[in-house]
Structure formats: C-alpha cells, structure tokens
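Below: one structure, written as structure tokens.
2 protein chains.
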Amino acid sequence: MEQKIIDLLKRSSLSITDSRKKILESFFQENSALAHADIEDYVGEDFDRVTIYRTLQTFVDKGIIHTIPTPDNAVLYALCKDSCSAGHHHDNHVHFICDNCNKTFCLEHVVVPTVHMPVGFAASQIDMVVSGICNYCNATT
Amino acid sequence: MEQKIIDLLKRSSLSITDSRKKILESFFQENSALAHADIEDYVGEDFDRVTIYRTLQTFVDKGIIHTIPTPDNAVLYALCKDSCSAGHHHDNHVHFICDNCNKTFCLEHVVVPTVHMPVGFAASQIDMVVSGICNYCNATT
DNA sequence: AACATTTTGCAACATAGTTGCAATAGTGTA
DNA sequence: TACACTATTGCAACTATGTTGCAAAATGTT
Ligand SMILES: [Zn+2]
Ligand SMILES: [Zn+2]
Ligand SMILES: [Zn+2]
Ligand SMILES: [Zn+2]
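Chains A and B, in that order, give the protein sequences.
With the first sequence counted from 1, adding 67 to any position gets you the working numbering.
With the second sequence counted from 1, adding 67 to any position gets you the working numbering.
Put into structure tokens, the structure is as follows:
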C-alpha cells in the first residue's frame, strides 16, 4: 500500500509528504466516498484542517480524486480511475447514496445516460446521483 | 400576483405573513432557481436571515419549493409544480446550470431517465444535473 | 550538506447555517 | 371589533465550514 501510494504521487508529479500519504491512505482504506470531516477523523490530530483542505484541492486538480454532488449539499470526494489526469476528469459514472448506512459509492460500471435537451440548451456535463439502499445494507436486513 | 401568492399559502395551510409573501414573490419574479443569498438580496433589510432560512424550510416541507443539488454544492431552491404536496415531492425533472450566466433552471419537460442498477442496489430517488450553456446565452452570443 | 522550492501550521477572517427565547403578528371565536 | 391562543419573527449567541497571508518546516536537487 505504502508503495502504491508513493507511486501514485510520483506519477502526478507531487512531492511525497506525510499528509498526502496519510490522506491518500484514508481513501484506499475506505471503499466509499469521504467527506472532509471523515478524513479529519481518520488522520486525527496529525495534520491541520487547512492542510487537509489544500491537499484535497491538489488531488482534485491532479486528477487523483473527484468531487461528488449530493442532494444535501455535503462535499464528498472519491478516488478516480486511471483515465483521469491533471485538468481532465472523466468520471462519468453514476453515484449512489445509501439512505440506510449513509455511505456514498462510485458505480464505476454504470455510465450516466445522455438525455435530450430542449432547443437552445447545450449540455457539456451531466451528473447523476441515485439514492436508495446499497447492496451491503440490502444483504444484511 | 398578490392574490396568487395568498391563495398558494392558504392552500398549504400556512398563515399569511409579510415575509412569506415577499419570499414567494421573489420566486415568481425570477424564472430561475434562487440561492439563499439571492433571496436575501431581493428582500433587502426587511427580514432577518434566520426568517429566510426558516421560511424556505417551511416551503420545502409544504411542497411549495424544492431544493436542487449542484456540483459546486450551493443550495438552490425553485418553485414546485402543482403535483407536489406536504411531505411528497414529485420533482423528477432535469436541472440545468448555465456555465455562462450561472443561472439554474428546472427543465420541467425533461424527465430524469431511469438507469439500470447493479445487483443488490435499490434506487428510490434519482437526481440529474446538467451543466452547459442555456438557451438565453446561446441566443445572445 | 547547502540551496531553492513546496508544503505546512497558525492565526485571523469570512460565510453559512442552527438554536433558544422573548417579543410580535396572525387567526379564529365571541 | 376585541380577546385569547398559536404561530411566526428578530435577536443574540453559537457551531460548522471554508479561505487567506505569512513565517516555519519539510522536500527535492545539486
Ligand atoms: Zn477524475
Ligand atoms: Zn465517482
Ligand atoms: Zn416539489
Ligand atoms: Zn426543479
């Protein structure tokens, strides 16, 4: 894991720092999307709030993580797949929010469908967020 | 307009107050979605910030307005159509955010498409937000 | 090891949203 | 219309969230 994280940072031409390693670790540890507060909990007292904000912004810029819009307007982040790079995200998958466990997942294999726009409107990006019960919660209740 | 607003409040069994009338007026005046700050600008010094928050929450509860999730996590509100009622919203239309004029619109006639979920996931609500250039901006540039 | 460049922590600030409570306004009834 | 009851509002204080400037510390390069 340590090596995987270092490689990812090098590939993105970012210097290897303790905070970046720890924050990336939190994403690899969890398989769901994380809010700023989740990461703050994970890293504990080790790093300043401001450092986390700036690191997340850096990761978004470099194509390492992407943000997820949610109906309740919390900011969530999740790892990108390899196809994303600095300045160019290609995360056109559906996001799923579980109403039971409250976790958010990238449905990597569910592509956002296109939709027919009214005359005059030109679409450049489409976000789709589905709420419901996730597979884990469905299996255990 | 005054009468239309009063009827809407009565139909929702809400008492008729100056702040509710003024805030509803702002929605009928604009044809796009509004953020809390927009409404604060519209009503000026007449009402407290807290009153606006509480009034918007009441309107959402009563099925008069609905919230719109946005990629940049701003909270937006827009008028519902008649089919919404207290506790039951049916705003299953696509929302459009213009990258140029920065306004957000309800595309009332564009229904959110269904999408096939992976095994184990049960969808109960789907939000779709499209970004691009709106018809007004396309016509004037 | 020494240097130049990034990154971090701190403090201070800005904005957004919430809560409790007393004062006020609205509604229904006499 | 006046009264009493209830709902709404304003204020103050508070929490949460996010940003900025700058000096100190860490990183990468020679
Ligand atoms: Zn991405
Ligand atoms: Zn995703
Ligand atoms: Zn509605
Ligand atoms: Zn809408």
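Where is the CB? At the ideal position from N, CA and C, for every residue including glycine.
Worksheet item: Does the distance from the CB of B/Tyr-144 to the CB of B/Ile-131 come in under 7 Å?
Response: As a first step, residue 144 of chain B is located in the second sequence; it is residue number 77 there, counting from the start. As a first step, residue 131 of chain B is located in the second sequence; it is residue number 64 there, counting from the start. No, Cβ-Cβ distance for B/Tyr-144 and B/Ile-131 is not below 7 Å.
Fill in: Outcome for A/Lys-77 when other beta-carbon atoms lying within 10 angstroms are tallied against a minimum of 16
Taking the first residue of the first sequence as position 1, residue 77 of chain A is located at position 10. Per the 10 Å Cβ criterion, exposed.
Worksheet item: When the Cβ atoms of the segment 156-169 of chain B are set against those of the segment 165-178 of chain A, are three or more pairs found closer than 8 Å?
Response: no
Fill in: Closer than 7 Å to chain B by CB, A/Asn-140
Taking the first sequence and counting its residues from 1, the one referred to as residue 140 of chain A is at position 73. It does: the Cβ of A/Asn-140 has a partner Cβ on chain B nearer than 7 Å.
Worksheet item: According to DSSP, is B/Asp-194 helix, strand or coil?
Response: For the purposes of this step, residue 194 of chain B is identified with residue 127 of the second sequence, where counting begins at 1. Strand.
Fill in: Entirely enclosed alpha helix (DSSP H) segments - the segment 116-157 of chain B, minimum 4 residues
116-128
Discussion item. Count Cβ pairs between the segment 188-197 of chain A and the segment 190-200 of chain B that sit closer than 8 Å; are there 3 or more?
Written reply: yes
Fill in: Residues near ligand 3, criterion Cβ-heavy atom distance below 5 Å
B/His-133, B/Cys-147, B/Cys-151, B/His-156 and B/Asp-158
Fill in: B/Cys-173 in three-state terms, based on DSSP
Counting from one through the second sequence, the residue named residue 173 of chain B turns up at place 106. Strand at B/Cys-173.
Worksheet item: Who does A/Phe-163 pair with in a DSSP beta bridge?
Response: Taking the first residue of the first sequence as position 1, residue 163 of chain A is located at position 96. DSSP, once it has assigned bridges, lists A/Phe-172 and A/Val-197 as partnering A/Phe-163.
Worksheet item: Does the distance from the CB of A/Asn-140 to the CB of B/Asn-159 come in under 7 Å?
Response: If you number the first sequence from 1, residue 140 of chain A lands on position 73. If you number the second sequence from 1, residue 159 of chain B lands on position 92. No, they are not a contact pair.
Worksheet item: A/Lys-71: buried (16+ other C-beta within 10 angstroms of its C-beta) or exposed?
Response: The count along the first sequence starts at 1 and reaches residue 71 of chain A at position 4. The residue in question, A/Lys-71, is exposed, as its Cβ has fewer than 16 Cβ neighbours within 10 Å.
Worksheet item: When you compare only the Cα positions, how much space is there between A/Val-182 and A/Ile-83?
Response: Within the first sequence, numbered from 1, the residue matching residue 182 of chain A stands at position 115. Within the first sequence, numbered from 1, the residue matching residue 83 of chain A stands at position 16. C-alpha separation (whole angstroms): 42 Å.
Item to complete: Could you say which of B/Ser-152, B/Phe-172 and B/Tyr-120 lies nearest to B/His-103 if we only look at CA atoms?
Response: By one-based count along the second sequence, residue 103 of chain B stands at place 36. Among B/Ser-152, B/Phe-172 and B/Tyr-120, the Cα nearest to that of B/His-103 belongs to B/Tyr-120.
Worksheet item: Residue range of the alpha helix (DSSP H) that A/Ser-93 falls in?
Response: The residue labelled residue 93 of chain A in the question sits at position 26 within the first sequence. Where A/Ser-93 is concerned, the enclosing alpha helix (DSSP H) stretches over 85-96.
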